[in-house]
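Going from the sequence shown to the numbering used here is simple: count from 1 and add 452.
All C-beta atoms in this analysis are idealised placements derived from N, C-alpha and C, irrespective of residue type, glycine included.
Reading through the structure tokens given below for one structure.
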Amino acid sequence: MEPYTVRVVYIVPTRAESWDEAKPRATDLLEDLQWFFADEMNRLGYGPKTFKIARDRADELIFHRIPSIRPKEEFQNRKDNGDQLFVDYCKEASDVFGLRTVNDIVIYFFESYSILNGVVSGGTRGGRAAKKRGSGGEAFISSLNLKTASREWITSDIRYDGQIRDLQGRPKWDKRVSDRLGDLSGGAYGITAHEFGHCLGAQHDRSDDKKLLMDSGYRFMRGTFRPDLTATVYPKAARRCEVSIPTAEALDRSGFFDFRELKQRSAVWQRT
453 MEPYTVRVVY IVPTRAESWD EAKPRATDLL EDLQWFFADE MNRLGYGPKT
503 FKIARDRADE LIFHRIPSIR PKEEFQNRKD NGDQLFVDYC KEASDVFGLR
553 TVNDIVIYFF ESYSILNGVV SGGTRGGRAA KKRGSGGEAF ISSLNLKTAS
603 REWITSDIRY DGQIRDLQGR PKWDKRVSDR LGDLSGGAYG ITAHEFGHCL
653 GAQHDRSDDK KLLMDSGYRF MRGTFRPDLT ATVYPKAARR CEVSIPTAEA
703 LDRSGFFDFR ELKQRSAVWQ RT
């Protein structure tokens with residue numbers, strides 16, 4: 453395994469059903485985010501630098517589908533130091549296989565969300581950089597985002613009908629992001645990119661510029677894919693998600709960003 457790559461671990465607790473489409477969806481998601489970061493780094497003057505995906509000899513995403521001995525309810529615990537226990541459970545499952553090296557980033561997708569009375573529990577936990585710069589980091593992301601980060605949905609203006617989660621009454625969606633499938637999908641792309649940014653040492657951008665990736669701008673990733681579909685929906689400043697200069701500086705220093713040979717850009721991209 454080459455150093456300085458991004459690899460994927462898919463954790464399936466007991467009482468959770470493994471999703472057959474997890475690997476191809478994760479492949480699409482990471483390849484699309486490679487282009488997002490390359491475009492943003494190029495826009496900010498660094499050239500089209502981006503991260504490298506860990507692949508096998510057949511050039512496929514190295515994807516570890518790993519069962520956990522723990523039920524999904526334990527992963528969803530938010531009390532009694534629940535976040536740290538959650539991290540420990542992910543590592544407990546993956547360490548058995550000796551997957552982690554000192555110079556990689558691991559994105560854990562975990563199959564442990566539940567929906568009760570329209571309320572989702574067990575969602576995204578976050579991302580963090582390693583203590584030593586350039587030695588990798590970890591992101592912990594619910595498979596709910598993997599399932600909604602859909603290329604097919606990005607272009608859709610069909611209104612969301614609540615099959616996966618109830619958006620009514622949720623302040624972060626109210627007035628700022630529409631209930632179109634494309635916007636929900638863009639938000640899932642953005643959440644993944646945001647937490648991945650933390651793995652690379654990027655910090656939150658607290659400013660009045662709400663289009664920034666490391667602030668709340670991650671919700672507007674649809675406008676990054678398809679600005680032609682969003683120009684009449686959002687205020688001008690919120691049409692697309694962007695990387696800030698401080699974030700680009702952190703990415704450039706990380707050791708994971710360089711000039712890469714990428715797969716062909718997906719047909720859903722129509723950047724202007």
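### Query
How long is the line joining the alpha carbons of residue 500 and residue 467, rounded to whole angstroms?
43 Å
### Message
Let me confirm a value: residue 711 is counted as buried when at least 16 other C-beta atoms fall within 10 Å, else exposed. Which label applies?
### Response
exposed
### Query
Residue range of the alpha helix (DSSP H) that residue 556 falls in?
Counting along the chain, residue 556 falls outside any alpha helix (DSSP H), though it belongs to the beta strand (DSSP E) covering 556–562.
#### Entry: Pairwise C-alpha distance: residue 659 and residue 478
31 Å
### Message
Strictly by DSSP, which residues pair up with residue 516?
### Response
461
### Query
Distance, Cα to Cα, residue 604 vs residue 476?
13 Å
### Task
May I ask which residues mark the beginning and end of the alpha helix (DSSP H) holding residue 638?
633–651
### Message
Which same chain residues end up closer than 6 Å to residue 556 when comparing Cβ atoms and leaving out the 5 residues on each side of it in sequence?
### Response
457, 459, 588
### Task
Per DSSP, which residues does residue 663 bridge with? Please list them.
None; residue 663 has no bridge partner.
### Query
Span of the beta strand (DSSP E) holding residue 589?
Taken as a continuous stretch (DSSP letters only), the beta strand (DSSP E) holding residue 589 covers 589–594.
### Cα-Cα separation, residue 465 to residue 634
If you take the alpha carbons of residue 465 and residue 634, they lie about 30 Å apart.
### Query
Which class does residue 611 belong to by DSSP, given the choice of helix, strand or coil?
strand
### Query
In whole angstroms, what separates the C-alpha of residue 715 from that of residue 606?
19 Å
### Query
Can you give the Cα-Cα distance for residue 543 and residue 680, rounded to whole angstroms?
Answer to the nearest angstrom: the Cα atoms are 42 Å apart.
### Query
Excluding sequence positions up to five away, which residues of its chain have a Cβ less than 7 Å from the Cβ of residue 652?
581, 589, 702, 703, 706, 708
### Task
Whole angstroms is fine: what's the gap from residue 497's alpha carbon to residue 469's?
44 Å
### Message
Looking at residue 682: is its Cβ nearer than 7 Å to the Cβ of residue 691?
### Response
yes
### Task
For residue 493, collect the residues of the same chain with a Cβ closer than 8 Å to its Cβ; drop the 5 residues on either side in sequence, then sort them by chain order.
499, 500, 501, 502, 695, 700, 703, 704, 709
### Task
In angstroms with no decimal places, state the Cα-to-Cα distance between residue 646 and residue 697.
15 Å
### Candidates 693, 461, 669, 666, of which the one nearest residue 560 by Cα
461
### Task
Give the DSSP-derived three-state secondary structure of residue 500 in the structure shown.
coil
### Message
Please classify residue 521 as buried or exposed, where buried requires at least 16 neighbouring CB atoms within 10 angstroms.
### Response
exposed
### Residue from 672, 713, 608, 562 with nearest C-alpha to residue 693
672
### Query
With a CB to CB cut of under 6 Å and the five nearest residues on each side skipped, what residues in its chain are close to residue 490?
Excluding the 5 residues flanking it on each side, residue 490 has same chain C-beta neighbours closer than 6 Å at 500, 502, in chain order.
### Query
On the three-state DSSP scale, how would you describe residue 507?
Residue 507 falls in the strand class under three-state DSSP.
### Query
Cα separation between residue 718 and residue 539?
33 Å
### Task
Please go through the same chain and pick out, in chain order, the residues whose beta-carbon is closer than 8 Å to the beta-carbon of residue 600, but skip the five residues on each side of it.
Once the five neighbours on either side are set aside, the close Cβ partners of residue 600 are 616, 636, 637, 639, 640.
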